[in-house]
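Chains as they are written, first to last, in our numbering: chain A, 1 to 248; chain B, 1001 to 1248.
All remarks here apply to the structure that follows.
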DNA sequence: GCCTAGGTCCCGTTG
DNA sequence: CAACGGGGCCTAGGC
């Protein structure tokens, strides 16, 4: 269907400017060339001229990539406004407000300019914390026999509680779910929620549902008298749903 | 210097395979085409065939971008190993161990294939927490007149303390530095450090150095009797150094 | 807009 | 290797 348009080089800066202005509204523009980059905003940085890849997306996203790393060297998130000019070279100025941030790129030796219409889909990712929380809600007995679900994503002044259960003896079970190994910060988070109830005279106990915990996390957990439920016990079910999902 | 090589299309899958295998050791490879993507690892996802940009870096990084968002739809961090084959289309298989993760991309309608040698530099970003902590170490009096520096990045079982000061009255001042507005989690972190000392019978007080704090953060801060030092008071100095830096 | 928390977070550093 | 915390984190969801 021919969704890419490649600008034939060499060309004048003005031609490049016209090409990019025209195509960047609907297409993702790729530019490879010697780029000098200044960034000022929440922090600041300067990168001396070197060959880099610049990606401009129609939603205002700006990416500057080098030969290494998953992360761009410099960037602008969606919503930034780009403007182009011909000065010391082809200049891209990308501005974002709130927070006010600006990236200025000077391109000199341009090697490749292409504009491609790409998709913008919603990717469903399976196997996140939300999925694990759902499993807990559907099987509260894995935390404690006879426990019943009180609520999900309960808001407190200190954040949302993943799952709230009530044990047969009346105590509240505050459940914090972690998809990956829990850390000391996970336990601290749980502690904030439990203290919120205890300060209101409600008997609550913290329960961490995670596939494991760091040594320091365990220490704090013990000190607070909280419990750890190993979620690997029901990862088989998780894997099964995952398989059915991935194979369409 | 001609650092980009563009594969002329259309071409056979075998030619593409050879081109990518050859160039991907030293160059960043850009492929635009209709891509179908499966990911399995810490989570799992499936993306139906659609036009997308695939970036392969020599360090093993894999990126799949669409028309929107700063974040790639799918990816593999540095260290992944890519292999290529011709099956239902041009197939890229990218495997990472620890954690074991795999991305499989099937490319059918290929629109653009280019390989470019890009730079790999070290970018110095100025204005991060480290810089603010340095300012505190150099000017402990902004926290408390007469305070002296005890240490920096002190390790406790609950994490590293940014700066530790001793007040003229002998009390320890545990300083937590935040480059941006502090949150409830920042205060909780500080609380862990202070409690560490108090449990050992050492009189300690928490001080948060930040350009501001969220309302809930402030509430917890008050409750704990900690102090907030507004770092905007010495951002002028920060800005000055930043200016001298950015203008080379 | 602020605030909270998750993320296939990535990334560097240290033990 | 694990663990911890920063990051210009980004992104989604509430309010």
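We put the beta carbon where it would ideally sit given N, CA and C, even for glycine.
Please decide whether residue 237(A) counts as near chain B, where near means a Cβ-Cβ distance under 7 angstroms. Residue confidence is low: residue 237(A) scores 49 on pLDDT, short of 50, so the model does not pin down where it sits. No coordinate-derived value is stated.
Count the C-beta pairs between the segment 164-181 of chain A and the segment 1004-1024 of chain B that are closer than 8 angstroms, then say yes if the count reaches three, no if not. Contact annotation: the segment 164-181 of chain A does not touch the segment 1004-1024 of chain B, with fewer than three C-beta pairs closer than 8 angstroms.
Go ahead and pull the three-state DSSP assignment for residue 1232(B). In this structure, DSSP gives residue 1232(B) a helical state, which the three-state scheme calls helix.
Min CB distance residue 126(A) to chain B below 7 angstroms: Judged by the 7 angstroms Cβ criterion, residue 126(A) is in contact with chain B.
May I ask you to report which of helix, strand or coil DSSP gives residue 124(A)? Three-state DSSP puts residue 124(A) in coil, outside helix and strand.
Should the segment 14-21 of chain A be regarded as contacting the segment 35-48 of chain A, the criterion being three or more beta carbon pairs within less than 8 angstroms? Segment contact: the segment 14-21 of chain A against the segment 35-48 of chain A, fewer than three CB-CB distances shorter than 8 angstroms; contact not assigned.
Can you give me the Cβ contacts of residue 1257(B) inside the same chain, cut-off strictly under 6 angstroms, excluding the 5 residues immediately before and after it? Lying outside 1001 to 1248, the shown extent of chain B, residue 1257(B) is not represented and no answer is given.
Is it true that the segment 1209-1220 of chain B meets the segment 1181-1200 of chain B, where meeting means three or more beta-carbon pairs spaced less than 8 angstroms apart? Verdict: yes, contact present.
Is any beta-carbon of chain A found at less than 7 angstroms from that of residue 1226(B)? Chain A, which has no Cβ nearer than 7 angstroms to the Cβ of residue 1226(B), makes this no.
Could you pull out every residue in the same chain whose Cβ sits closer than 6 angstroms to the Cβ of residue 40(A), ignoring the five residues on either side in sequence? Its chain contains 102 as the residues whose beta carbon lies nearer than 6 angstroms to that of residue 40(A), once the 5 sequence neighbours on both sides are disregarded; these appear in chain order.
Expressed to the nearest angstrom, what Euclidean distance is found between the alpha-carbon atoms of residue 232(A) and residue 140(A)? So the alpha carbons of these two residues sit roughly 15 angstroms apart.
So if DSSP puts residue 150(A) in a beta bridge, which residue, or which two residues, is it bridged to? Paired residues: none, contrary to the question.
If contact means a Cβ-Cβ distance below 8 angstroms, which residues of the segment 141-173 of chain A contact chain B? From the segment 141-173 of chain A, only 157, 158 and 159 have a Cβ closer than 8 angstroms to chain B.
For residue 10(A), does the three-state DSSP call read helix, strand or coil? Coil, per DSSP.
State the start and end residues of the unbroken beta strand (DSSP E) segment that holds residue 1109(B). Counting along the chain, the unbroken beta strand (DSSP E) around residue 1109(B) starts and ends at 1101-1116.
Residues near residue 1005(B) in its chain [Cβ-Cβ closer than 6 angstroms; skip 5 each side]: Around residue 1005(B), the same chain offers 1115 as residues with beta carbons nearer than 6 angstroms, after the five sequence neighbours per side are excluded.
Residue 25(A) to residue 58(A) span [Cα, whole Å]: Between residue 25(A) and residue 58(A), the C-alpha separation is close to 5 angstroms.
Cα-Cα separation between residue 138(A) and residue 1042(B), rounded to whole angstroms: As the crow flies, the alpha-carbon of residue 138(A) is around 22 angstroms from that of residue 1042(B).
Short CB-CB distance (under 7 angstroms) between residue 1068(B) and chain A: Yes - at least one Cβ of chain A is within 7 angstroms of the one on residue 1068(B).
Using a Cβ-Cβ cutoff of less than 8 angstroms, which residues in the same chain neighbour residue 1216(B) once the five nearest sequence positions on both sides are dropped? Same-chain partners within the cutoff: 1183 and 1184.
Just confirm the distance between the C-beta atoms of residue 194(A) and residue 205(A), as a whole number of angstroms; I'd bet it's less than 8 angstroms. Yes, residue 194(A) and residue 205(A) are in contact; Cβ-Cβ is about 7 angstroms, under 8 angstroms.
Extent of the continuous alpha helix (DSSP H) run through residue 194(A): 184-198 is the span of the alpha helix (DSSP H), which, as asked, contains residue 194(A).
Here's the rule I'm using: 16 or more other beta-carbon atoms within 10 Å means buried, otherwise exposed. How should residue 1065(B) be labelled? Buried: at least 16 other Cβ atoms inside 10 Å.
Contact list for the segment 1091-1113 of chain B against chain A, Cβ threshold 8 angstroms: Those residues of the segment 1091-1113 of chain B placed with their C-beta closer than 8 angstroms to a C-beta in chain A are 1109, 1111 and 1112, ordered along the chain.
Can you tell which of 1169(B), 1159(B) and 1219(B) has the C-alpha that lies nearest to the C-alpha of residue 1145(B)? Closest option to residue 1145(B), Cα to Cα, is 1169(B).
Helix, strand or coil at residue 1088(B) [DSSP, three-state]: Collapsing the DSSP output to three states places residue 1088(B) in coil.
Using Cβ-Cβ distances below 7 angstroms, what residues of the segment 69-87 of chain A are close to chain B? Listed by position along the chain: 69, 70, 73, 75, 77 and 78.
For chain A, is any of its Cβ atoms less than 7 angstroms away from the one on residue 1018(B)? Answer no: the Cβ-Cβ gap between residue 1018(B) and chain A never drops below 7 angstroms.
Does the CB of residue 182(A) have a neighbour CB from chain B at under 7 angstroms? Cβ-Cβ to chain B under 7 angstroms: no for residue 182(A).
Is the distance from the Cβ of residue 67(A) to the Cβ of residue 1028(B) below 7 angstroms? Cβ atoms of residue 67(A) and residue 1028(B): closer than 7 angstroms.
Which same chain residues end up closer than 6 angstroms to residue 1315(B) when comparing Cβ atoms and leaving out the 5 residues on each side of it in sequence? Only positions 1001 to 1248 of chain B appear in the structure, and residue 1315(B) is not among them; the question remains open.
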